[in-house]
Amino acid sequence: MVAYSVVLNQNMGTRHRTALYPVLLEYVLANPITDGFQFLEKMMAHEDHEMRVAAVRLLEVRKTFGDEDFDFEAMKEKAIEGMKEENVQLRRELLEEQLTCGTGTLGEECEVDTFLEDVEEEEECGSGSGEKEEADD
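Following this line, the structure appears as structure tokens:
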């Protein structure tokens, strides 16, 4: 969570750390951020008033970051790129597994590589977006 990093850095200070810095650091180590909503919900319910104030600060930073700094288009592109890479990797692993047939050797390695090169080219050309290429008659 970017907001957590910002608030933590704000509490680190340039000359000295605030009293909240080690508390925030210890809290995130004990409660890793896997779901931002649940993390903030737990902080808002914390018995320490300073932790609840820090949680409100996180909400403010998160909103500001979303409104002003967050590049949704870049995030979308990165997510799509990662998905394509994962798809190629998973397809490669599946084909290699199917072609080894439990023997531990890959007898048709050239065909797998050729197929995967074709898949990668299709995804680079954007044909993975639901449009099918029409064959020339």
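For what it's worth, the numbering used here labels the leading residue of the sequence shown as 239, then goes sequentially. The beta-carbon is built from N, C-alpha and C at its ideal position, and this holds for glycine as well.
Original post:
For residue 302, which of helix, strand or coil comes out of DSSP?
Top reply: Residue mapping note: residue 302 aligns to position 64 of the sequence shown, counting from 1. In the structure shown, residue 302 sits in a helix (DSSP, three-state: H, G or I).
Original post:
When the Cα atoms are used, what is the spatial distance from residue 215 to residue 296?
Top reply: The chain is shown from 239 up to 375; residue 215 falls before or after that span and cannot be answered.
Subject >> Continuous alpha helix (DSSP H) stretch holding residue 251: start and end >> reply: Taking the first residue of the sequence shown as 1, we reach residue 251 at position 13. Run containing residue 251: none; DSSP gives neither H nor E here.
Original post:
Quick one: what does DSSP say residue 295 is sitting in, helix, strand or coil?
Top reply: Residue mapping note: residue 295 aligns to position 57 of the sequence shown, counting from 1. Three-state DSSP puts residue 295 in a helix.
**OP:** Label residue 328 either buried or exposed according to how many other C-beta atoms from any shown protein chain fall within 10 Å of its C-beta, with 16 as the threshold for buried.
**Re:** If you number the sequence shown from 1, residue 328 lands on position 90. When all chains shown are included, residue 328 counts as exposed.
Original post:
With residue 262 and residue 241 assumed to form a contact (beta carbons below 8 Å), what rounded beta-carbon distance in angstroms separates them?
Top reply: As a working note, residue 262 is residue 24 in the sequence shown. As a working note, residue 241 is residue 3 in the sequence shown. With 8 Å as the limit, residue 262 and residue 241 do not qualify as a contact, their Cβ atoms being about 12 Å apart.
**OP:** Would you mind giving the Cβ-Cβ distance between residue 277 and residue 269, rounded to the nearest angstrom? I have them listed as a contact below 8 Å.
**Re:** To locate residue 277, count along the sequence shown from 1; it is residue 39. To locate residue 269, count along the sequence shown from 1; it is residue 31. 6 Å between Cβ atoms; contact.
Subject >> Span of the alpha helix (DSSP H) around residue 270 >> reply: Taking the sequence shown and counting its residues from 1, one reaches residue 270 at position 32. Segment: none, residue 270 is in no alpha helix (DSSP H) and carries neither H nor E.
Subject >> Beta carbon of residue 266 nearer than 8 Å to that of residue 299 >> reply: Walking along the sequence shown from the start, residue 266 turns up at place 28. Walking along the sequence shown from the start, residue 299 turns up at place 61. No.
**OP:** Using the Cα positions of residue 264 and residue 307, report the straight-line distance between them to the nearest angstrom.
**Re:** Position 26 of the sequence shown, counting from 1, holds the residue named residue 264. Position 69 of the sequence shown, counting from 1, holds the residue named residue 307. Rounded to the nearest angstrom, the two C-alpha atoms are 28 Å apart.
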